[in-house]
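Participant: One structure, as structure tokens, below. Some questions next.
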Amino acid sequence: MIWMQLKEGRARYPNVTGKSLSGIMNSYREILIGLRRLLSISLGVLFPAMVSTPASAQERIASLNLCMDQLLLQWVAPEKIVSVTWLSGEKHYRRAPLPEHLYLNRAQAEELLPLKPDLVLTGQYGAQRASQRLEQLGLRVIRIPDAYNLAQLQQQLSSLQQALGELPGLRQQRGKLQALLEQAPETSSDNPRALILSANNITYGDGMLEHELLTRAGFTNLAAQQGVQQLGRVSLEQVIDSQPQLLVFYGGEQDFAIAHLAERHPVLREYIEAGRVYRLPQELGFCPALAAVEVLQQLMEKRKEIVGQP
Amino acid sequence: MLANRNLILLLIVCTLPIALIAALSSGPVSINLVAAIADGWHSDSSDAVILWQLRLPRAVLAIVVGAALGLGGAAMQGMLRNPLAEPALLGVSSGAALAAILVLYYGAAVSGYLLPLLAIVGALLAVGSVWLLAGHGASASRLVLAGVAINAFLSALMALALNYAPSMFAMQEIVFWLLGSLANRGWDQVLLALPFIVIGAIFLFLSRNYLRALSLGEASAASLGFSGRRYPLLVLFGIAFAVGASVAVAGTIGFIGLVVPHLMRPLVGQDPGRLLWVSALAGALLLLLADVLVLNTVGAQELRIGAVTAFIGAPFFFWLIVRSRQGGNL
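Same order as they appear, the protein sequences are chains A and B.
Residue 102 in my numbering sits at position 98 of the first sequence, and the numbers go up by one each step.
Residue 492 in my numbering sits at position 216 of the second sequence, and the numbers go up by one each step.
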């Protein structure tokens, strides 16, 4: 059986200047990770005060990144936020109430300047030109690293805490994640088999956060077992043939798309009727910090259900 | 000569079951076909589920859609008396696809018979527009001009509709609507399309003598008792039912309606009535073989079936042009 390996990776965070979740070539990712490290070292050496100063006193925070938008809206008082990206106004991505006074930016420097933010949060990849221009104009810009695995997620939350200071919600989330990660993953040859079937027959293999969550929860990810690195493609025939004990769908989009035909195929009805399915929330894809803890807990519970089954 | 023609037709008939076996044997998973057949429809074994629930409906859909497109192409060429008439080329498929896009992406009905019905209405409007715009007995160039204009306009509307569709996947799915696909299809899609394709085939069967008479010219057809609008409308509805229902479940698959009637015409002695059924048979075979090719092509993504049929169809166009330059008629 041949499991198709996708050549392209996928940007976890949508570009605020575009609508779709466009892919990023893996080779670019490696270069960008290198650049990120270089940037971190440069910032650490050149601007130690800027990197280490907590920003709890910030009163006018703006964001150029969808994930940062959502985290700010969840954990920071609304009156302290001046702008988030336009994507946060879209129903696909909105997870927290959107205060009316917020300016919805499209990652243009000129949009943010009149708002006079004292802190601009941005992600690792998107809106780089705007953030560089804002820095040149003297605004304080902090890049929060993206998270593609649990270790990076911890690092992301830590960077966020460093930038925003002590926030109860953020501290609680870090604590929960830490506690879950301290539980040793249940590795056993009897681990129930799981397989992710996402839109357009995409599955998640080794090196992806989704794979790590499955294995941490005590499942064997069949895609990774078949050698899929990062993203791969899985046909319905392969799903049936590999007989996963848990079939994991991704996202809860109800709008029609040909991309969802596979998961609506009658051949999977048996899985759905038997409750042998789990649905990863869509926000795990664009902002794992919002959902990873909850997903890990739910997957652990799902495992108990499956293992307990005769 | 007649014996040779019948031999070729017999060969097509015999090749269809062989192609079906090839389609049922093709796929990313290696299955024991004989054991899966023996296990039967209700078996829970992986091989049986793959065969009966995944491969067979896909192969049946390829046969049904291929037959509908071959039939639609033959009827269009007969009615417009033009060798360039083809549902995908002249905007009929685009009309159906636009209607299907509006139904599916804007939430009117994800399932149910509203989808093929509205696709049929879309196809009907498009084929009617081409017919009216080109006029009776239009020259090849005028017909192509009218068809291309309508096709371009409808394609632009498709892009517009997908651009504003609520699903974030919609825009990239224009590839499906322009090139078609049989991936992830099941019995539900077969049952959705089949009744309407059968109705379309019945309409075209009833109009077979009109198409024969029309090959002598409109005046001759009228003198033979085929005057009035009844028969042209019957053909239009037949084409719209066959092509519309196909596009609703498989997207636009081009060139089958163009190539197949041309290849089959000499085998039926230029008889437009017999051409309908032979084109349906050959269309089914061609699409099934194209799908076998798709299933056996290795790649990160499944090759679009419309691309495969275009690979067959485009050289055929070249041949048509070369032949016309050498003095033959199009």
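Think of the CB as a built atom: it goes at the ideal place given N, C-alpha and C, for glycine as much as any other residue.
As the structure is a computational prediction, the values presented were derived from the model and not from experiment.
Is the stretch 162-182 of chain A in contact with the stretch 219-226 of chain A, if contact means three or more CB pairs nearer than 8 angstroms?
Facilitator: Pairwise C-beta distances place the stretch 162-182 of chain A out of contact with the stretch 219-226 of chain A, as fewer than three of them are shorter than 8 angstroms.
Participant: Going straight from the alpha carbon of T291/B to that of A151/A, what length do you get?
Facilitator: Near 55 angstroms, if we compare the C-alpha coordinates of A151/A and T291/B.
Participant: Thinking C-beta only, is E214/A closer than 8 angstroms to L288/A?
Facilitator: For L288/A and E214/A, yes; Cβs fall inside 8 angstroms.
Participant: Quick check: what's the CA-CA separation for Q230/A versus A134/A?
Facilitator: 42 angstroms
Participant: Can you determine whether any heavy atom of the ligand MG sits closer than 7 angstroms to the C-beta of L480/B, and answer yes or no?
Facilitator: This structure simply doesn't include the ligand MG, nor any ligand for that matter.
Participant: Quick check: the Cα distance between E305/A and V299/A, rounded to an integer number of angstroms?
Facilitator: Roughly 10 angstroms separates the two Cα atoms.
Participant: Short check: CB of A410/B to CB of A402/B, under 8 angstroms?
Facilitator: In this structure, A402/B does not lie closer than 8 angstroms to A410/B by Cβ.
Participant: Taking a contact to mean a Cβ-Cβ separation below 8 angstroms, would you say P196/A touches Q112/A in this structure?
Facilitator: no
Participant: Is the shortest distance between the beta-carbon of Y440/B and the beta-carbons of chain A less than 8 angstroms?
Facilitator: no
Participant: For P270/A, go through chain B and note every residue whose CB falls closer than 8 angstroms to its CB, in chain order.
Facilitator: Q329, G462, W463, D464
Participant: Can you tell me the Cα-Cα spacing of Y208/A and A428/B, whole angstroms?
Facilitator: 39 angstroms
Participant: Quick check on T89/A: does DSSP put it in helix, strand or coil?
Facilitator: In this structure, T89/A counts as strand in the three-state DSSP scheme.
Participant: Output the distance between the C-alpha atoms of A524/B and G530/B, rounded to the nearest integer angstrom.
Facilitator: 14 angstroms
Participant: Taking the Cβ atom as the reference point for each residue, do A350/B and L551/B lie within a distance shorter than 8 angstroms?
Facilitator: yes
Participant: Spell out the partners DSSP gives S555/B in its beta bridges.
Facilitator: None; S555/B has no bridge partner.
Participant: Strictly under 8 angstroms for the Cβ-Cβ distance: is E241/A near chain B by that measure?
Facilitator: yes
Participant: When DSSP labels each residue in this structure, what does Q353/B get in the three-state scheme?
Facilitator: If DSSP states are grouped into helix, strand and coil, Q353/B belongs with the helices.
Participant: Would you say L265/A lies against chain B (beta-carbon separation less than 8 angstroms)?
Facilitator: At least one chain B Cβ lies under 8 angstroms of L265/A.
Participant: For D210/A, would you say it is in contact with chain B, using Cβ-to-Cβ distances shorter than 8 angstroms as the test?
Facilitator: no
Participant: Counting contacts by CB-CB distance shorter than 8 angstroms, is F290/A in contact with chain B?
Facilitator: Not closer than 8 angstroms to any Cβ of chain B, the Cβ of F290/A fails to qualify, so no.
Participant: Can you look up S2/A in the DSSP assignment and give me helix, strand or coil?
Facilitator: As displayed, chain A neither begins before 5 nor continues past 314, which places residue 2/A out of reach and without an answer.
Participant: If F452/B sits next to G367/B, beta carbons under 8 angstroms apart, how far is it from one beta carbon to the other, in whole angstroms?
Facilitator: 18 angstroms between Cβ atoms; not a contact.
Participant: Which residue spans inside the stretch 135-216 of chain A form an unbroken beta strand (DSSP E) run of at least 3?
Facilitator: 145-147, 197-201, 206-208
Participant: Here's the rule: buried if 16 or more other CB atoms are within 10 angstroms of the residue's CB, otherwise exposed. What is T573/B?
Facilitator: exposed
Participant: Give me the DSSP bridge partner(s) of R283/A.
Facilitator: Paired residue(s): F253/A.
Participant: When you compare only the Cα positions, how much space is there between E449/B and V424/B?
Facilitator: 22 angstroms
Participant: For L610/B, which residues from the same chain have a beta carbon less than 8 angstroms from its beta carbon, with the 5 sequence-adjacent residues on both sides left out?
Facilitator: Since the first residue shown for chain B is 277 and the last is 606, residue 610/B is missing from the structure and cannot be characterised.
Participant: Pick out whichever of E83/A, W79/A, I146/A has its Cα sitting closest to the Cα of Q176/A.
Facilitator: Out of E83/A, W79/A, I146/A, W79/A has the C-alpha closest to the C-alpha of Q176/A.
Participant: With 8 angstroms set as the bound, which would you pick, yes or no: does the beta-carbon of L247/B sit closer than that to a beta-carbon of chain A?
Facilitator: The requested residue 247/B is not part of the displayed model; chain B covers only 277 to 606.
Participant: Rank R98/A, A131/A, G256/A by C-alpha distance to the C-alpha of V281/A and give the top, closest one.
Facilitator: If you compare the alpha carbons of R98/A, A131/A, G256/A with that of V281/A, the shortest gap goes to G256/A.
Participant: With a threshold of 16 other CB atoms inside 10 Å of the CB of G501/B, please say whether the residue is buried or exposed.
Facilitator: exposed
Participant: Give me the residue from K95/A, P82/A, L240/A with the minimum Cα distance to P304/B.
Facilitator: L240/A
Participant: Does the separation of the CB atoms of E87/A and L102/A fall below 8 angstroms?
Facilitator: In the sequence as presented, Glu is not what sits at residue 87/A; that position holds Ser. No, these two residues do not count as a Cβ contact at 8 angstroms.
Participant: Chain D beta carbons: is any one of them nearer than 8 angstroms to that of A151/A?
Facilitator: The displayed structure is made up of protein chains A and B, and chain D is not among them.
Participant: Of all Cβ atoms in chain B, is any one closer than 8 angstroms to the Cβ of R237/A?
Facilitator: yes
Participant: Output, in sequence order along the chain, the residues in the stretch 280-313 of chain B whose CB is closer than 9 angstroms to any CB in chain A.
Facilitator: G303, P304, V305, S306, I307
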